[in-house]
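Trainee: After the structure tokens below, expect a handful of questions from me.
Number of protein chains: 2
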Amino acid sequence: MASVNRNYLKLPGSYLFSTIARKVEAYTSAHPDADIIRMGIGDVTQPIAPAIIQALHEAVDEMGSDDSFRGYAPDLGYEFLRSIIAEKDYKDRGCDIDPSEIFISDGAKSDCGNIQEIFDVNNKIAVCDPVYPVYVDSNVMAGRTGEYDESLGCFRDVIYMPCTRENGFVPLFPKEIPDLIYLCFPNNPTGAVMKKDALQGWVDYARSHGSVILYDAAYEAFIAEDDVPHSIYECTGAKECAIEFRSFSKTAGFTGLRLGFTVVPKELEAGGEKLWPLWARRHGTKYNGAPYIVQRAGEAVYSEKGRSQIRQQIAIYKENARIIVEGMKEAGYEVFGGVNAPYIWMKTKDNMTSWEFFDYLLNEAQIVGTPGSGFGPGGEGYFRLTAFGSRMGSIRAIDRIKKL
Amino acid sequence: MASVNRNYLKLPGSYLFSTIARKVEAYTSAHPDADIIRMGIGDVTQPIAPAIIQALHEAVDEMGSDDSFRGYAPDLGYEFLRSIIAEKDYKDRGCDIDPSEIFISDGAKSDCGNIQEIFDVNNKIAVCDPVYPVYVDSNVMAGRTGEYDESLGCFRDVIYMPCTRENGFVPLFPKEIPDLIYLCFPNNPTGAVMKKDALQGWVDYARSHGSVILYDAAYEAFIAEDDVPHSIYECTGAKECAIEFRSFSKTAGFTGLRLGFTVVPKELEAGGEKLWPLWARRHGTKYNGAPYIVQRAGEAVYSEKGRSQIRQQIAIYKENARIIVEGMKEAGYEVFGGVNAPYIWMKTKDNMTSWEFFDYLLNEAQIVGTPGSGFGPGGEGYFRLTAFGSRMGSIRAIDRIKKL
């Protein structure tokens, strides 16, 4: 008789953003005229830039013509895209990454979720607390986390690394040595960054213990300050201990187009086995490539026009972040992030729980944010706002909050 | 210390189509002027139909405009697409499938590869032999197959169901009762179909044993004969025992656009647990939806113009299949399939092994096919040709083979 993967049943409740979507849906059903300002899920709002739209139209025309139609993409992605990524995202920053080490995919979420598959089920993972839920949930599904401890809000066999005001939301090395270390900087949800020295420390730590760092750099386009690495491969020795995830979602507004990539260096090993062939095998077996037209759109992101246009979009989001950070401070909140990241992380009002504050903002100000506790027990009492709305939306949201 | 998922190391050699691609690349490097006719990988060649191209352009424009831009898609796919699928693919064929039971994805390959995740790692799988490699390989990676037996060309803990000339390439019920049963009809690679009565027999078998059927219907658009079910849900009780995979790749030439869907009925259980919430959780956690523009393209497939245009494309491929089947028979080959499927399955010449025949056709006639043994030990001595080339290519290929 068939039976299910019981690890799935260990997952408490449903995926964070699905829960939020259902709550908002319930609210808007009850209040159809409510003027909701969405600062919850990290979804962009600006349309795709003109240079990218043009590339999409051209690629669509190619697909409609006999002599330029494209079927299955090459397993690891089109060379035109992998080459320009290797040049612009890596070579130009002094990182030695070959196009063959770049795997094009439909987004960093899929890759972050799937990467754990190529590791042993007994490998122990370490995650920041608070943390992007996908890292933990995908490991729960694989049976790598043990049972959920309701009272602690933690899985028993996961190493949680507290990210607090006290450590500037940058984790300290854990007492127990992890096999796999998930790091995301600029951080989701806290908006914190790790300086070059600190990240180099983690690379050295991983190398000395034979750990692998799974580095999520989905928000690198928001880095404003010097001395904050855009890629983990800016650190010496990172190619021997780190996999890096990148996304076009926040860089160029591709949340609805779906494009990302993962870097697996050829020399990277775990327990004496190379990881590149394993990830290549997964790609070749369980995936069939990102759409040609979307890969052409990705290429256009790196064109002169494309770069200039997305720079303007990011500037708008960063200005939103500034408005939110300053406004929330004026409203009396303790606020973090928002400088090198599109996320603003804040203490809730009057020691409300995160979900209490979620309901409070939704009911009293029609603002949707994300409860910090949805990112792990370390997020309890915190709340995340995103800067991906419009300038007017950000200003109006702050006005409403100030009036509460 | 990190270590790898050693199940991956059990996989013999690399993914079939990657191996073929490398062999062809080596040949064309050595013979740059060779006029290769590709009848190997099942990739379509006709451009995307005009009605679909138009829908793509319109959707691209929407993505470029403030008031119509779309970010993250709904978890399970856009309602506009799920509704029309439920109507045209199911209701119109008398199948009671609700839009909420349809999960939109980037293709049947991903879904076929990922579906095993929601089942217990100790569930025993049954596959046809020969078989589409993804079913087996994805289970190897998960640790569900045991070790590879070099001498038999089989994994020790997989139930292989021989599909031979004698049984018309339709499997008999295996002696050992499987938990999960992979069936693909019209079949890849043999081109065989299962009649309604026979499929009903499998549904009854699965229900009586608590097995789940994983039904790959990627080629249903090629069905020409009556009494061949287009969906497993045409059989009584199938909603209680079957998941169905569908693809736009072969129906509408979407191999480079990437779109498919999976049906998981709400009442379907395994060992007393519903499967719908598990697959929904996987979708929400490790996937982020098919691109909006591609979902709009999928919608256009069901429009009046779209349907008429893709019907013409399929007619061309079916005419190719007829040319190949008749030509190969005239050339003295024993040939199967090609009537309700884009695949032609044949015995090799002079009892060559499948790979010997691959090299023979590539070297002597510059024709690329797929070695039957790549689909499992039962495919040894067989060879697969596809009808996805051009009419002229099909005619020229047959001419070359007749002259050998």
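For the record, the sequence lines run as chains A and B.
My numbering numbers the first residue of the first sequence as 35 and each following residue consecutively.
My numbering numbers the first residue of the second sequence as 35 and each following residue consecutively.
Where is the CB? At the ideal position from N, CA and C, for every residue including glycine.
Rounded to a whole number of angstroms, what is the C-alpha to C-alpha distance between B/H317 and B/I152?
Mentor: Between the alpha carbons of B/H317 and B/I152 lies a gap of roughly 11 Å.
Trainee: Could you compute how far the alpha carbon of B/Q347 sits from the alpha carbon of B/A286?
Mentor: Looking at the two C-alpha atoms, the distance is approximately 8 Å.
Trainee: Could you check what DSSP says for B/I432 in three-state terms: helix, strand or coil?
Mentor: B/I432 falls in the helix class under three-state DSSP.
Trainee: Quick one: which chain A residues come within Cβ less than 8 Å of B/T179?
Mentor: Simply none; closest approach about 13 Å.
Trainee: Please work out which residues of its chain come closer than 6 Å, Cβ to Cβ, to B/G412, disregarding the five sequence neighbours upstream and downstream, and give them in chain order.
Mentor: D163, P164, P196
Trainee: Skipping 5 residues on each side, what residues in its chain have a beta carbon closer than 6 Å to that of A/F207?
Mentor: If the five residues before and after A/F207 are omitted, its C-beta is found closer than 6 Å to the C-beta atoms of Y239, all from its own chain and listed in chain order.
Trainee: Indicate whether at least one CB of chain B lies closer than 9 Å to the CB of A/S63.
Mentor: no
Trainee: Which full runs of the alpha helix (DSSP H) of 4+ residues lie inside the stretch 260-296 of chain A, going along the chain?
Mentor: Within the stretch 260-296 of chain A, the complete alpha helix (DSSP H) runs of at least 4 residues are 283-286.
Trainee: Counting pairs of beta carbons, one from the stretch 128-145 of chain A and one from the stretch 291-300 of chain A, are three or more of them closer than 8 Å?
Mentor: Touching, per the Cβ criterion.
Trainee: For the beta strand (DSSP E) that B/L214 lies in, which residues bound it at each end?
Mentor: 214-218
Trainee: Does the beta carbon of A/T79 sit closer than 9 Å to a beta carbon anywhere in chain B?
Mentor: yes
Trainee: Tell me which residues share the same chain as A/D130 and place their Cβ nearer than 6 Å to its Cβ, disregarding the 5 neighbours each side in the sequence.
Mentor: none
Trainee: In the DSSP assignment, find the unbroken beta strand (DSSP E) run with B/K320 in it and report its ends.
Mentor: From DSSP, B/K320 is part of no beta strand (DSSP E) but of the alpha helix (DSSP H) over 310-320.
Trainee: Under 9 Å Cβ-Cβ, which residues of chain A neighbour B/F103?
Mentor: V78, T79, Q80, P81, I82, G287, G290
Trainee: Under a three-way DSSP split, which group does B/S102 fall into?
Mentor: coil
Trainee: Counting along the chain, where does the alpha helix (DSSP H) carrying A/T62 start and finish?
Mentor: Its alpha helix (DSSP H) spans residues 50-64.
Trainee: From B/C188, B/D231, B/G403, pick the residue whose C-alpha is nearest to that of B/R418; which is it?
Mentor: For B/R418, the closest alpha carbon among the candidates B/C188, B/D231, B/G403 is that of B/G403.
Trainee: A/A304 versus chain B: which residues are under 7 Å apart at the beta carbon?
Mentor: A36, S37, V38
Trainee: Pop quiz: B/P84 and B/Q343 are said to be a contact at Cβ under 8 Å. What is the actual Cβ separation, rounded to whole angstroms?
Mentor: 6 Å
Trainee: Excluding five sequence neighbours on each side, which residues of the same chain lie with their C-beta closer than 7 Å to the C-beta of B/L395?
Mentor: I401, G403
Trainee: Using a Cβ-Cβ distance cut-off of 9 Å, determine whether B/S172 contacts chain A.
Mentor: yes
Trainee: Counting only beta-carbon separations shorter than 9 Å, does A/S407 have a partner in chain B?
Mentor: Answer no: the Cβ-Cβ gap between A/S407 and chain B never drops below 9 Å.
Trainee: Closest Cβ-Cβ distance between B/A107 and chain A: below 9 Å?
Mentor: yes
Trainee: Any beta carbon of chain A sitting closer than 9 Å to that of B/P376?
Mentor: no
Trainee: Does A/F203 pass the burial test, meaning 16 or more other C-beta atoms within 10 Å, or should it be called exposed?
Mentor: buried
Trainee: Here's the rule: buried if 16 or more other CB atoms are within 10 angstroms of the residue's CB, otherwise exposed. What is B/T270?
Mentor: exposed
Trainee: Which residues bound the alpha helix (DSSP H) around B/C146?
Mentor: 142-148
Trainee: Could you tell me which of B/S37, B/L309, B/S172 sits nearest to A/A36, measuring between CA atoms?
Mentor: B/L309
Trainee: Got a sec: is the Cβ-Cβ distance from A/T270 to anything in chain B below 9 Å?
Mentor: No, because no Cβ of chain B sits closer than 9 Å to the Cβ of A/T270.
Trainee: In terms of alpha-carbon separation, which member of A/R292, A/V359, A/I277 lies closest to A/K284?
Mentor: A/R292
Trainee: Closer than 9 Å, CB to CB, is A/V335 near chain B or not?
Mentor: The beta-carbon of A/V335 is placed no less than 9 Å from the nearest beta-carbon of chain B.
Trainee: Under 7 Å Cβ-Cβ, which residues of chain B neighbour A/Y321?
Mentor: Under the 7 Å cutoff, chain B gives S144.
Trainee: How should B/F256 be labelled, buried or exposed, when 16 other C-beta atoms within 10 angstroms of its C-beta is the threshold for buried?
Mentor: That one is buried.
Trainee: In angstroms, rounded to a whole number, what distance separates the CA positions of B/S245 and A/D231?
Mentor: 55 Å
Trainee: What does B/L395 touch in chain A if you count any residue whose Cβ is under 8 Å from its own?
Mentor: The premise fails here: B/L395 is roughly 21 Å from chain A at the closest Cβ pair, so nothing lies under 8 Å.
Trainee: Along chain B, which residues have their Cβ under 8 Å away from the Cβ of A/P223?
Mentor: Per Cβ cutoff of 8 Å: no residues; A/P223 is ~17 Å from chain B at best.
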